[in-house]
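Working notes for the structure below.
2 protein chains.
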Amino acid sequence: MADNDGPFARSTAVRRRGGGDAAARTTGTDATPGTTVYDTMIVDGWDIGGNANGGYLLAIVGRAMADHLGRPDPVTVTAHYLSPGQPGDATVEVTTIREGRRFATARADLVMGGTVITTLGTFGDLSDGEGALRVDAAPPALPPVQECTAMDDREGFPPSFMDRVDLRLHPDDAGFARGEPSGEARVRGWFRFPGDEPVDTTGLLCVLDAFPPTVFNAELPVAWVPTIEFTAHVRARPAPGWLACEFTTRFVTGGFLEEDGVVWDATGTLVAQSRQLALVPRAG
Amino acid sequence: MADNDGPFARSTAVRRRGGGDAAARTTGTDATPGTTVYDTMIVDGWDIGGNANGGYLLAIVGRAMADHLGRPDPVTVTAHYLSPGQPGDATVEVTTIREGRRFATARADLVMGGTVITTLGTFGDLSDGEGALRVDAAPPALPPVQECTAMDDREGFPPSFMDRVDLRLHPDDAGFARGEPSGEARVRGWFRFPGDEPVDTTGLLCVLDAFPPTVFNAELPVAWVPTIEFTAHVRARPAPGWLACEFTTRFVTGGFLEEDGVVWDATGTLVAQSRQLALVPRAG
């Protein structure tokens, strides 16, 4: 479904086992009826501290689901993260649940030994996007890109995933890396792929999980926040150019936190929302 | 899993096919390995205009998932709504995806002829709930229950689901029913089950989809908003008493809207969040 050949598209490529096209619903070896198996590879370098970024993994699964269903756009996808993804060969197993006129629903697992992520998604075609009836929010107030803080210019930090994407944080939200959190559980910034590789709607699944955790700015004793569940809603195909992104957290309670994301394209159009539930490990 | 015998508990009861207990993971007829089949009934009167309320249906599935997994609390559940649920006999088919120490993940389908809803959930035990590290929100500013607007006191309206629950809307948010929407895409109010039947964490799945659509207050030409996808996060077991609920929508764009819910218990503790993606049918 990728309409380009950049590093992100190549790093999320999937190959239907047994060949055939989407309409044929070719079934791979060991598959149950209605299931297609795709071969893929978790590419080295899309990791944070050795574990592949969750949004990158979800984009791989999204490509397989879109191909299997013959629908290009992930209108809504939910993933439960079960075990860390390591570089190497993997498979995606996609099973149709319902095919409707406008949307189709499938479940899919990313498997590498055990199941890395399990997902449920409804796909469609957003090419004839309708306009906005009501928008009670605005893109984040970001300084120009060149005045924001790149995430790839520090010795040893950030981790290698940050070299695969081009993140520019709002300077007010970038202090956590030098031990000066803003005090607000919020991270805002610009996103693009290096070399201006286009971000399609599957690429948005990566954008929505690409930024540092909001809680890093919250002055809490939290070192990492493993994702339990992540849901993306894609509202529109993004226009070319930088994406303006905002992630916020309101509740760090019961050992959990939620993180809400909103992504706007260069024309000021809302293109995607996300919410994830993550664990807040007890300190010490 | 229901620890009471009230109307909601009885209306969401599930019976493991073939008997046996949760630990035995009894497999029903026609089931794939690791799958348990439950018999249930979509009870008449939990509908809105003839179609069973989505949160009620999700609670039925949640009971089956909790029993199958042997974990009482739906930490996060996502449902995709595929076809309307009608009163009558139905089955829930639950399949384990992963059992961990602290959480277990399963998928489940509610089937009545075809699949009514398909779900993915991670369950655990919230009995030793940790406290709050950070809360950047407050319960909605609701007048006392007796000053709010009951949803069961109008001739012919509201539909029968509203007789199964006890909703009291903030007076400022209740005008839509008489053609006087507030102008804000928001609905706030109190919730309980009639007779003070306890709301357990599975009951929260019903609470989170019980209120009228936010968009009814938004002065848009929208008659109904069919849910595509619904995700609940349960943060804590609710204390007895009225639940304070707030639902908001920020984006009605691209033919879709999201609706975000927050539920607080009588002690002022956040107990659940939700987000759903719904269609905004073209008028006319």
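Protein chains in written order, with this note's numbering: chain A, 1 to 284; chain B, 285 to 568.
Note that beta-carbon positions come from the ideal geometry of N, C-alpha and C, so glycine has one too.
C-alpha gap between residue i and residue j, whole angstroms
i, j, result
"Thr533 of chain B", "Ala494 of chain B", "15 Å"
"Thr459 of chain B", "Ser466 of chain B", "As written in the sequence, residue 459 of chain B is Gly, which differs from the Thr given in the question. Cα to Cα, Gly459 of chain B sits roughly 7 Å from Ser466 of chain B."
"Gly70 of chain A", "Gly124 of chain A", "9 Å"
"Thr313 of chain B", "Val400 of chain B", "Per-residue confidence for Thr313 of chain B stands at a pLDDT of 40, beneath the threshold of 50, marking its modelled position as unreliable; the derived number appears in the next sentence. If I take the Cα positions, the gap works out to 20 Å."
"Ala422 of chain B", "Ala550 of chain B", "13 Å"
"Leu243 of chain A", "Leu270 of chain A", "10 Å"
"Arg476 of chain B", "Val449 of chain B", "6 Å"
"Thr253 of chain A", "Glu414 of chain B", "7 Å"
"Glu259 of chain A", "Pro565 of chain B", "29 Å"
"Val37 of chain A", "Val14 of chain A", "10 Å"
"Leu394 of chain B", "Thr324 of chain B", "9 Å"
"Asp484 of chain B", "Pro356 of chain B", "10 Å"
"Arg418 of chain B", "Phe251 of chain A", "6 Å"
"Ala434 of chain B", "Leu451 of chain B", "6 Å"
"Ala104 of chain A", "Ala66 of chain A", "9 Å"
"Pro505 of chain B", "Glu481 of chain B", "37 Å"
"Trp190 of chain A", "Phe161 of chain A", "16 Å"
"Thr406 of chain B", "Pro358 of chain B", "6 Å"
"Phe540 of chain B", "Asp412 of chain B", "38 Å"
"Asp373 of chain B", "Ile344 of chain B", "12 Å"
"Thr498 of chain B", "Ala562 of chain B", "11 Å"
"Arg275 of chain A", "Gly49 of chain A", "23 Å"
"Arg101 of chain A", "Leu204 of chain A", "24 Å"
Opposing strand residues paired with residue i [DSSP bridges]
i, result
"Asp373 of chain B", "B:Met325"
"Gly545 of chain B", "B:Phe531 and B:Ser558"
"Met396 of chain B", "B:Gly398"
"Tyr365 of chain B", "B:Ile401"
"Phe407 of chain B", "B:Pro358 and B:Ala388"
"Trp474 of chain B", "B:Arg452 and B:Ala528"
"Asp331 of chain B", "B:Ala336"
"Phe230 of chain A", "A:Ala79 and A:Gln276"
"Arg17 of chain A", "Per DSSP, none; premise fails for Arg17 of chain A."
Neighbour flag for residue i against chain A, beta carbons, 9 Å
i, result
"Ala520 of chain B", "yes"
"Arg420 of chain B", "Residue 420 of chain B is actually Asp in this sequence, not Arg. So yes, Asp420 of chain B belongs to the interface."
"Asp393 of chain B", "yes"
"His454 of chain B", "no"
"Val298 of chain B", "no"
"Thr537 of chain B", "yes"
"Arg559 of chain B", "yes"
"Arg472 of chain B", "no"
"Thr553 of chain B", "yes"
"Leu417 of chain B", "yes"
"Gly404 of chain B", "A small correction: the amino acid at residue 404 of chain B is Leu; Gly does not occupy that position in the sequence shown. Yes, because at least one Cβ of chain A sits closer than 9 Å to the Cβ of Leu404 of chain B."
"Thr586 of chain B", "This structure cannot speak to residue 586 of chain B, because chain B is shown only from 285 to 568."
"Thr547 of chain B", "Sequence inspection shows Val at residue 547 of chain B; the Thr mentioned does not correspond to that position. Closer than 9 Å: no."
"Ala550 of chain B", "no"
"Arg534 of chain B", "yes"
"Ala523 of chain B", "no"
"Thr324 of chain B", "no"
"Val491 of chain B", "no"
"Val564 of chain B", "yes"
Test: residue i CB closer than 9 Å to a CB of chain B
i, result
"Ser287 of chain A", "In the structure as shown, chain A starts at 1 and stops at 284, and residue 287 of chain A therefore has no counterpart that could be examined."
"Phe103 of chain A", "yes"
"Phe256 of chain A", "yes"
"Leu243 of chain A", "no"
"Glu288 of chain A", "Any answer about residue 288 of chain A is impossible in this case: the structure gives chain A only from 1 up to 284."
"Arg10 of chain A", "no"
"Gly203 of chain A", "no"
"Ala325 of chain A", "Any answer about residue 325 of chain A is impossible in this case: the structure gives chain A only from 1 up to 284."
"Val75 of chain A", "yes"
"Gly114 of chain A", "yes"
"Leu126 of chain A", "yes"
"Ala150 of chain A", "no"
"Arg71 of chain A", "no"
"Ala185 of chain A", "yes"
heavy atom of the ligand FAD below 8 Å from residue i C-beta
i, result
"Val359 of chain B", "The model depicted lacks the ligand FAD and carries no ligand whatsoever."
- Determine which residues of the segment 51-67 of chain A have a Cβ less than 8 Å from any Cβ of chain B, and write them out in chain order. none
- Query: So, do the segment 286-300 of chain B and the segment 226-235 of chain A have three or more beta carbon pairs nearer to each other than 8 Å?
  - Reply: no
- For the segment 216-230 of chain A, which residues have a CB atom closer than 7 Å to at least one CB atom of chain B, in sequence order? Ala218, Leu220, Ile228 and Glu229
- Message: With a threshold of 8 Å, are at least 3 pairs of Cβ atoms found where one atom belongs to the segment 87-96 of chain A and the other to the segment 132-143 of chain A?
- Response: no
- Message: Please list, in chain order, the residues of the segment 87-99 of chain A that have any C-beta partner in chain B closer than 7 Å.
- Response: Ile97 and Arg98
- Query: Can you find at least 3 beta carbon pairs, one from the segment 489-503 of chain B and one from the segment 334-343 of chain B, that sit closer than 8 Å?
  - Reply: yes
- Quick one: any contact between the segment 79-87 of chain A and the segment 104-120 of chain A, if contact means 3 or more CB pairs under 8 Å? yes
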